[in-house]
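Peer 1: Residue numbers (our numbering), protein chains in the order written: chain A, 286 to 758; chain B, 47 to 277; chain C, 35 to 298.
Using N, Cα and C, we set each Cβ at its ideal position, and we do this for glycine too.
To start, I am sharing the structure in question, which I have written as C-alpha cells.
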C-alpha cells in the first residue's frame, strides 16, 4: 500500500482515534526511544548549538543560489562519468527510472531507503512493470512484506511489534518452513540478512536516495547503519540516485558540518555507521562498483515552496528529531498522518506537496508546544509554518464553518470591552453559582469536546475586572 | 520546455530573478566552491599528538568497534591471527591488494591463508588498510580504488582494518584536506565507517551485523611516540 | 506619540500594567490578585486597564490574522504608557513578546508600538526574578508540590528556573520535580477541543506522571494548562490539587479552593 497513491490525511482525526485505540500499535510506539539518546549525544558535543546555526546558514545560502548549485552539481556529475535526469513530476521520475532499469534488462532491483521513493510510489509502479523491487533496510523490508507504508522516517517499522514481524516472516519466508520458532529480534534479523544477501547479489540495479548532494564534487552522500545502502549501490551494474534539489550543499566541508548534526539528532549516535560519498561510476582500474551512475533529480513541488513563507522547510534533513519529540506523533504514530511524511515536519511539508485542501488537518493537529523547533538541527520554525498553513486554510475558507463563525463572534466581542463585559459577567456569575458545590462541571452545553474527557473547572463567579473595579471604587 | 530548463526557470522565478545570478555573484559562488573553507570544527576534532590517538581509540570503541594496539609493523600479522582465533574464525582472509598491507610480514604467520582482491560472497574475513582514521568519532575513512575494493568493507562478516597512528586525523575536514593533497578528484566512493553494521528496526533493540560486517576490528600500529603528525 | 522603552535598571517603583488575560479574568480572578500582590510587594505600582480583553491568540493560532490583529490592537492601545506589562501567563506574554512584532509587521500605525510593547512585556514570575531581582517571597504552603513547565513560557520566554527559585523559598513547601515536566499537557488552546482524544491522551499521561511524584499539588504558570490538568484530575479521580504558581507565591491559598474543586 502506498500513501502517495491513496492519501488519508483528510481523515487524520479518525485515523488518530483508531490509532489511540489500537493496543498493539500503542505497545509498539512505546519502544520509540531516541529522545534520551539524542539528549546524551548533544550533551557530549559542546559545539552542538553553534553547529545548528551554521547548518541553517549553509542551507539558506544554498537555497538562495539553488540554480547555480544545481548547475554546478550537474556539471560535476557528468565530469565524473555520471548522468543526470531532471524530473518535474512523479510520473517523469517513475518513467525515467523504469527506462534506466530496462536499459540494463533489470528484473530485480534493490532499494536503499528513500522517502522520495515513497513520494512517487515507486515500488508498486516497478512491480506493475514486471520489475521486482526489494527494500533492503530491515524496517523497510518488514513493511514491504506486510504491504504497509513506513510510519517513521528512520524507523519505518516502529509501529510493528516483534510478534508481528515473526508472523510476517513465517508467512512470507515459506522456504524456511512454517513451524520454526521465531521469538527474538536476533533470529528475525538473521533470517532477513540471509534472504536479502541473495537479493543483493542478484540485483541488476540499485536505487538509493541521497542525504546530501555535493555541488563541489558532483557526489551523492547516503548514511545508513545497516550497510544496506552500500550493498545496494555497490553490487549491481547500475546505481540510480533518486534525490530532490534541496539536498544540495555547496562543499564537502558543508556536508561535514551538517553530518555532525544528523546522526546525533536522529538516533543519538556520534556518527552513523556508514557515511558513503559516491561520485560517478566505477573507474577503469576499479575492481568493483557499478558501471553506471545516474542521478534522478525530482522536483515534485519543492520549487513552488521556494520564495514563500514555507521555504525554511526545504532545510529539512529528514533526521526525525521532530517526530521523536512530538507528543502528538508519539500518541498516534505515523500512519495517522495519512501521507509519506509524518509528525511535525510532515505537517508542514505535506500540505506543500499535496495541497492544503488534502492535508489541512495536519498543521492543525499541533498544540504549538514548540518542542519540535527546539530540537530541529536545522532550526526550522515548524510551529510558525504550521500556523501559516492554518492561515492559508482560513483564507481559502477550508476550515469548518462552525469554527469560523465562532471565531468571528468571539473576535467581534473581544474588541468591544463594554459588550464583552456585558456578555461575560452574567455568564460567569451563573456558571460560578451552578458550579459552586462541585467546583466543576461534568457536562456543559456546547463544550462537549472538553467535557467528554475532562471536567470543566467552575469559574469563581465574579470576573477580575468586576472585582478590580469594585476594589478601586 | 524540457524539465531541466523548466525547473531552473522555476527556481529563478521563485528567487526573484529572470536568469542566472550576475557575473559577480557567480564568481563569488565559484570561489566558495573552490575555497574549501572549513566551518566550525569541534574542539575534539582539533586535538593533536597523543591526545588525538587516544581520542580515536576511545571513540572507535564507543562505536562498538574492537581495537588492538601493536607497537610495530612486525606485530600486525600476529595481531590479526590472534583476533581471528579469539573469535573462533578460520585463519583465512581476503586482503586488499594494497602495497601498504603487503609490507607487513605475513610470512611470519604461515598458517594465515591470504587471498588478495575484491570480496567474494563466500569470504568470511576482509582485511583492508584505511586512508585515515578520524579521531572525533572514531571513524575510518576508506577510498575505493584498485588497492581497496569497497566490497571488502561490506560483504565479509568480519572486517579487519589496519591503521597506523600517523594516519589518524582529527576531523572529517582533515580527511578532505589530506585527500585533496593526493588527488584532484574524488574516487568513486569514500566510505566513512564508524563501528560494525547494526539495526534497531525491530522494537528498537540494537542488533549488530544487519547487512554489513558483524564485527569491525581495528589493528592500530602505534609505537607510542608523540605521533599524529604525518611522517 | 512618545514611546517608553523598558528601563535598563529596575526603577524604584515601576508602573506596571497587569495584563490579566481573558482566562484569568473569567475563571480565576484570584490569580490576577495574587499577581497584583506579588508585584506590589516587590515595589511596583500596579494598574489593570479596563479596556484590555485578550491577546488575540485564539484567532492568531486559527489562521485568522485579521481578527487576531483587530483584537491585539486593543491590547497595544490598552497598555500604552506603562513601564512594564506583566501577565500571569507565559502563553499570553509570549504572544505579545514573540508574535506581535510579526503580526503587525508592515502595519504603519501599529508596528512600532507593537514592538515597543513586546519589549516591555513579561511573564509574571520571570519578571519578578529576572527584572526585579526578587529573591524571596513571604509565603507559606505546607505540602509537597510538583511543577509543570507550560510550553510557551518555557520555550518562548525561557521560564524554567525562576518559579523554582521562588518556590524553594516558600516556607513549608517541598518541590518535587515532575518527570517529563517539559512535555506538553495537551491543552494547546483550541487543540484540546479540535482533537479531544489526542489531548486526552496527553493530559492523562501528565496527570499520571504528576500523581507518581507523590506530590499533593500540581503547579503551573498558565491557567489554560491548569484548567486542562485540573479537569482531568477530578474526572480521573486523582487526588491532586491544581493551582497557579502565583497563588502559592502570594500566600493566597488559604481561602481559595484548588482549581476545579469546591470549597472544603
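Just to confirm the assignment, what range does the alpha helix (DSSP H) spanning residue 269 (chain C) have?
Peer 2: Note, residue 269 (chain C): alpha helix (DSSP H), 257-270.
Peer 1: Taking C-beta to C-beta, are residue 110 (chain C) and residue 158 (chain C) nearer than 9 Å?
Peer 2: Contact flag unset, no.
Peer 1: Answer yes or no: do residue 656 (chain A) and residue 611 (chain A) have a C-beta to C-beta separation smaller than 9 Å?
Peer 2: Against a cut-off of 9 Å, the Cβ pair of residue 611 (chain A) and residue 656 (chain A) comes out as a contact.
Peer 1: Since residue 168 (chain B) meets chain A, which of its residues come closer than 7 Å, beta carbon to beta carbon?
Peer 2: Correct list: empty, because the minimum Cβ distance to chain A is about 11 Å.
Peer 1: State the DSSP-derived secondary structure class of residue 685 (chain A), mapped to helix, strand or coil.
Peer 2: Note: residue 685 (chain A) maps to coil in three-state DSSP.
Peer 1: Evaluate the contact criterion for the region 212-221 of chain B versus the region 115-124 of chain B: three or more CB pairs, one atom per stretch, below 8 Å.
Peer 2: Contact between the region 212-221 of chain B and the region 115-124 of chain B is absent, because fewer than three Cβ pairs lie under 8 Å.
Peer 1: For chain E, check one thing: does any of its Cβ atoms lie closer than 9 Å to the Cβ of residue 149 (chain B)?
Peer 2: Absence of chain E from the displayed structure is noted, the protein chains being A, B and C.
Peer 1: Counting only the same chain and skipping the five closest in sequence on each side, list residues whose C-beta sits under 6 Å from that of residue 275 (chain B).
Peer 2: Residue confidence is low: residue 275 (chain B) scores 49 on pLDDT, short of 50, so the model does not pin down where it sits. Its coordinate-derived value is still stated next. The answer is none, since no qualifying residue turns up.
Peer 1: Going along the region 213-238 of chain C in order, which residues come within less than 9 Å of chain A, judged by CB to CB distance?
Peer 2: If the cut-off is 9 Å between Cβ atoms, the region 213-238 of chain C has 216, 217, 218, 219, 220, 221, 222, 223, 224, 225, 226, 227, 228, 229, 230, 231, 232, 233, 234, 235, 236, 237, 238 near chain A.
Peer 1: Return the first residue and the last residue of the beta strand (DSSP E) that residue 562 (chain A) is part of.
Peer 2: Run containing residue 562 (chain A): 559-563, per the beta strand (DSSP E) assignment.
Peer 1: Mark residue 690 (chain A) as exposed unless 16 or more other C-beta atoms lie within 10 angstroms of its C-beta, in which case mark it buried.
Peer 2: So residue 690 (chain A) counts as exposed.
Peer 1: Give me, in chain order, the residues of the same chain whose beta-carbon lies closer than 6 Å to that of residue 36 (chain C); leave out the 5 immediate sequence neighbours on both sides.
Peer 2: Below a pLDDT of 50, predicted positions are generally treated as unreliable, and residue 36 (chain C), at 46, falls in that range; the measurement from the model is reported next regardless. Hits under 6 Å: none found.
Peer 1: Grouping DSSP H, G and I as helix and E and B as strand, with all else coil, what is residue 420 (chain A)?
Peer 2: Three-state result, residue 420 (chain A): strand.
Peer 1: Can you tell which of A:425, A:463, A:373, A:440 has the C-alpha that lies nearest to the C-alpha of residue 316 (chain A)?
Peer 2: Checking every option, the nearest Cα to that of residue 316 (chain A) belongs to A:440.
Peer 1: At what residue ranges does the region 143-185 of chain C contain a whole run of the alpha helix (DSSP H), taking only runs of 4 or more?
Peer 2: For the region 143-185 of chain C, whole alpha helix (DSSP H) runs of length 4 or above, ordered along the chain, are 145-154.
Peer 1: Using DSSP's beta-bridge definition, name the partner residues of residue 172 (chain B).
Peer 2: Answer by DSSP bridge pairing, in chain order: B:140, B:205.
Peer 1: Residues of chain A with CB under 8 Å from residue 94 (chain B), in chain order?
Peer 2: Within chain A, no residue comes near residue 94 (chain B); the closest Cβ sits about 18 Å away, beyond 8 Å.
Peer 1: Work out the CA separation of residue 258 (chain C) and residue 125 (chain C) for me, nearest whole Å.
Peer 2: Whole-angstrom Cα-Cα distance: 9 Å.
Peer 1: Between which two residues does the beta strand (DSSP E) harbouring residue 368 (chain A) extend?
Peer 2: Looking at the DSSP string, the run of the beta strand (DSSP E) that includes residue 368 (chain A) is 368-372.
Peer 1: Can you tell me whether residue 468 (chain A) is buried or exposed? The criterion is at least 16 other CB atoms within 10 Å of its CB, across all chains shown.
Peer 2: Per the 10 Å Cβ criterion, exposed.
Peer 1: Please list the terminal residues of the continuous alpha helix (DSSP H) segment that includes residue 713 (chain A).
Peer 2: Residue 713 (chain A) -> alpha helix (DSSP H) spans 702-719.
Peer 1: Express the C-alpha separation of residue 451 (chain A) and residue 277 (chain B) in angstroms, rounding to a whole number.
Peer 2: Confidence in residue 277 (chain B) is poor, its pLDDT being 38 and thus under 50, which makes the residue's placement too unreliable to answer from.
Peer 1: Could you check whether residue 260 (chain C) and residue 300 (chain C) sit closer than 9 Å to each other, using their CB atoms as the reference points?
Peer 2: No statement about residue 300 (chain C) is possible, as the shown extent of chain C runs from 35 to 298 and does not include it.
Peer 1: Can you find a CB in chain A that lies within less than 9 Å of the CB of residue 277 (chain B)?
Peer 2: For residue 277 (chain B), the pLDDT reaches just 38, beneath the cut-off of 50, and the residue's location in the model is therefore unreliable, although a value from the coordinates is still provided. No, no contact with chain A.
Peer 1: Quick check on the DSSP output: the beta strand (DSSP E) that includes residue 504 (chain A) runs from which residue to which?
Peer 2: Residues 504-509.
Peer 1: Along chain B, which residues have their Cβ under 7 Å away from the Cβ of residue 614 (chain A)?
Peer 2: By Cβ distance, chain B contributes nothing, its closest Cβ being about 15 Å from residue 614 (chain A), past 7 Å.
Peer 1: Going by CA-CA distance only, name the one from C:57, C:112, C:67, C:269 that's closest to residue 700 (chain A).
Peer 2: Residue 700 (chain A) has its Cα closest to that of C:112, out of C:57, C:112, C:67, C:269.
Peer 1: Among the candidates A:419, A:709, A:638, A:712, whose CA atom is the shortest distance from the CA of residue 489 (chain A)?
Peer 2: Residue 489 (chain A) has its Cα closest to that of A:419, out of A:419, A:709, A:638, A:712.
Peer 1: Taking the alpha-carbon of residue 545 (chain A) as reference, which of A:336, A:757, A:529 has the nearest alpha-carbon?
Peer 2: It is A:336.
Peer 1: Inspect the beta-carbon positions of residue 220 (chain C) and residue 652 (chain A) and report whether they are closer than 9 Å.
Peer 2: Yes, the pair counts as a contact, with Cβ atoms nearer than the cut-off.
Peer 1: Answer yes if the region 608-623 of chain A comes into contact with the region 580-594 of chain A, meaning at least three C-beta pairs across the two stretches below 8 Å, and no otherwise.
Peer 2: Counting Cβ pairs under 8 Å, fewer than three are found: no touch.
Peer 1: With residue 585 (chain A) and residue 404 (chain A) assumed to form a contact (beta carbons below 8 Å), what rounded beta-carbon distance in angstroms separates them?
Peer 2: With 8 Å as the limit, residue 585 (chain A) and residue 404 (chain A) qualify as a contact, their Cβ atoms being about 6 Å apart.
Peer 1: Can you name, in chain order, every residue of its own chain whose Cβ lies under 7 Å from the Cβ of residue 427 (chain A), other than the five neighbours on each side?
Peer 2: Only 442, 445, 450, 453 meet the Cβ criterion.
Peer 1: Any C-beta of chain A sitting closer than 9 Å to the C-beta of residue 54 (chain C)?
Peer 2: Closer than 9 Å: yes.
Peer 1: Check the Cβ of residue 262 (chain A) against every Cβ in chain B and list those closer than 7 Å, keeping chain order.
Peer 2: Lying before the first or after the last residue shown, residue 262 (chain A) is absent from chain A, which here runs from 286 to 758.
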